[in-house]
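Each residue of the sequence shown is one higher than the last, beginning at 1417 in this note's numbering.
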Amino acid sequence: MSHTQSSTDSSAHGSMKLLIGLTVLGFLSLTYCCEDPAQGAINLARNGTATQSSNNVHSNPGYAPKAIDGNNQTDFSGWSCTHTKPEDNPWWKLDLLKSYRVNHVILTNREDCCKERLLGAEIHVGDSPNITDNPVCATIMDVSSGARIPLCCKGMEGRYVGVFIPAPSSIVTLCEVEVYGQKIEPGPRVCCYLSHHWSLAIPVILLQNTFQFGIRSADLN
Ligand SMILES: *[C@@H]1O[C@H](CO)[C@@H](O)[C@H](O)[C@H]1NC(C)=O
Ligand SMILES: *[C@@H]1O[C@H](CO)[C@@H](O)[C@H](O)[C@H]1NC(C)=O
Ligand SMILES: *[C@@H]1O[C@H](CO)[C@@H](O)[C@H](O)[C@H]1NC(C)=O
C-alpha cells in the first residue's frame, strides 16, 4: 500500500518539478534580454546619426555625435561627451536609419561632475522622428551606481532612440550611447508574438510558407 502511495507522490512531485521548470524557462526566455548584450554584439548606434536640441557654447563643444564616437570615457574635458545648452526640455536623438528591435540601450554618463543632470531623463524608442511621440523604454531614477547605465528595452521597435529631459533649464550630456538589437525581418507581425511563444511557431511557419507559396504561384499565372 505504502508503495503505491509513494509512487503516486513521486509522480505528482515529478509533474510539479516539470511545471516549475517550464515556468522558469518561460520566464528566462522573456527576460533574457535584460542580461548584458552577447559578447561581440554589434553596437547599432555606431552606424547611426545623432542630433540634439542645442549645442553648448564652450571651447569644448559637446556636439551630438560625440555620444556615438565609440569612446566611452567619462571626463568632459576628454572631448568625447555631448552637451546641450541649459534649456527647457532638452533632447538628444539617434537615428538608426532603419527600424530595429531594440533590446538594450546603454548610456554612459559624465563622471567628472554633474552626473545628476541625467536624473529624470526619458529614453524613448520608436519610429517617429518626434521622439516624444514614441513610447518610453525607461526613465533614469538613479545615477549613483557608476557611469554605465544599462537599460532593457525588451525588443521595442524603432528607428529613433531619444533621450529627453522633460524639465525647465536642464542639460542633456552623454558620454556614450550604445544600442543593441536585431533587424526586423520583413513578414507578418505574427513573427514577434511567436518568438515569445515558440511552441506555436512551427505550425504557423509551415502554414505561412504554404500560404506564401500559394501567393507566388498565383502571381505567376
Ligand atoms: C555599418 O556600416 C558599415 C559600412 O557601411 C557596414 O559594413 C556594416 O554592416 C554596418 N553595420 C550595421 C550594424 O548596420
Ligand atoms: C512632438 O510630440 C509632442 C507630443 O506628442 C507634441 O506636443 C509636439 O508638438 C510634437 N512636436 C512636433 C515638432 O511635431
Ligand atoms: C568603456 O568600455 C570598456 C570596453 O568595453 C569597458 O571595459 C569599460 O567598463 C567602459 N567604461 C564605462 C564607464 O562604461
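Idealized CB from N, CA, C, for every residue including glycine.
Nearest-angstrom beta carbon gap, residue j and residue i [assumed within contact, 8 Å]
{"i": "residue 1576", "j": "residue 1519", "result": "Going by Cβ atoms, the distance from residue 1576 to residue 1519 rounds to 16 Å, so no, they are not a contact pair."}
{"i": "residue 1508", "j": "residue 1567", "result": "Incorrect: roughly 14 Å between the Cβ atoms, too far for contact."}
{"i": "residue 1464", "j": "residue 1523", "result": "Residue 1464 to residue 1523, Cβ: 15 Å. No contact."}
{"i": "residue 1506", "j": "residue 1586", "result": "5 Å"}
{"i": "residue 1592", "j": "residue 1472", "result": "About 17 Å; that fails the 8 Å criterion."}
{"i": "residue 1468", "j": "residue 1588", "result": "6 Å"}
Residue closest to residue i, alpha-carbon to alpha-carbon, out of the options
{"i": "residue 1491", "options": "1545, 1527, 1547", "result": "1527"}
{"i": "residue 1584", "options": "1504, 1533, 1552", "result": "1504"}
{"i": "residue 1601", "options": "1578, 1516, 1570", "result": "1516"}
{"i": "residue 1461", "options": "1480, 1471, 1557", "result": "1480"}
{"i": "residue 1496", "options": "1474, 1532, 1478", "result": "1478"}
{"i": "residue 1573", "options": "1559, 1532, 1514, 1506", "result": "1514"}
{"i": "residue 1553", "options": "1559, 1580, 1533, 1564", "result": "1580"}
{"i": "residue 1564", "options": "1521, 1457, 1456", "result": "1521"}
{"i": "residue 1558", "options": "1594, 1543, 1531, 1571", "result": "1531"}
{"i": "residue 1466", "options": "1484, 1452, 1541", "result": "1484"}
{"i": "residue 1578", "options": "1543, 1494, 1474", "result": "1543"}
Heavy atom of ligand 1 within 6 Å of residue i beta-carbon
{"i": "residue 1522", "result": "no"}
Residue i: CB within 6 Å of a non-hydrogen atom of ligand 2
{"i": "residue 1467", "result": "no"}
{"i": "residue 1546", "result": "yes"}
{"i": "residue 1558", "result": "no"}
{"i": "residue 1485", "result": "no"}
{"i": "residue 1543", "result": "no"}
{"i": "residue 1491", "result": "no"}
{"i": "residue 1549", "result": "yes"}
Residue i CB to nearest heavy atom of ligand 3 below 6 Å
{"i": "residue 1454", "result": "no"}
{"i": "residue 1517", "result": "no"}
{"i": "residue 1480", "result": "no"}
{"i": "residue 1488", "result": "yes"}
{"i": "residue 1564", "result": "yes"}
Just jot down, in chain order, the residues whose CB lies closer than 5 Å to any heavy atom of ligand 1. 1458, 1463
Tell me whether the stretch 1484-1503 and the stretch 1536-1544 touch, counting them as touching only if at least three CB pairs, one residue from each stretch, are closer than 8 Å. no
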